[in-house]
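11 is the number of the first residue of the sequence shown in our numbering; add one for each residue after it.
All C-beta atoms in this analysis are idealised placements derived from N, C-alpha and C, irrespective of residue type, glycine included.
Here's the structure, in structure tokens; my notes come after.
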Amino acid sequence: MNLSLYYAPGACSFVPHCALEFAGAAFEPRGVNFREGQQRTPEYLAINPRGQV
């Protein structure tokens, strides 16, 4: 299973990130840049239609 954690500064992704690190889980952190509009790309909207982190 491939696990990705999408995060952005100011988003509520800090606690899940810490929990994954503490558990030693293998995951790929993926930053989302709101200023560049990355949350509105077709690739991101395919997994999260609301366009939120």
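| query | result |
| --- | --- |
| With 16 other CB atoms within 10 Å as the buried threshold, where does V42 fall? | buried |
| Using only alpha-carbon positions, find the residue among L15, P19, E53 that is nearest to E31. | L15 |
| Check the DSSP bridge columns for Y16 and list the partner residues they point to. | R40 |
| Could you give the residue range of the alpha helix (DSSP H) that holds N28? | The question names Asn, yet the displayed sequence has Cys at residue 28. Unbroken alpha helix (DSSP H) run through C28: 24–33. |
| Give the secondary structure of Q48 by DSSP, where H, G and I count as helix, E and B as strand, and everything else as coil. | helix |
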